[in-house]
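Numbering (UniProt numbering), first residue to last: 1 to 110. All C-beta atoms, glycine included, are put in the ideal place defined by N, C-alpha and C. A short write-up of the structure that comes next.
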């Protein structure tokens, strides 16, 4: 089966937590959870893709990992869009376009 025309799966927040945060800093899920004031279960759920990174979680992770909330939310957004595309991608092709694309000049004309 060919992957031609398919989007590559994005890097998930959980993957980053597992491979860049916990492994590189040599801390446990329990220690990270304690550091950011959430349960180990919450961290485990994010790491295994069963819970999305919310704005609140992004703020907590950013503070503890010297990153930005946008970093964590962008990772989550990419996962969400990828999953939505898998779910309804074929349906999108059947939808009616109600507005044709415009040039930059048309978009930003006063």
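Going by C-alpha positions, residue 7 is about 15 Å away from residue 92. Per DSSP, the continuous alpha helix (DSSP H) segment holding residue 89 begins and ends at 69 to 92.
Scanning 89, 94 and 49 for the CA closest to the CA of residue 75 turns up 49. For residue 41, the enclosing alpha helix (DSSP H) begins and ends at 40 to 47. Around the CB of residue 89, fewer than 16 other CB atoms lie within 10 Å, so the residue is classed as exposed.
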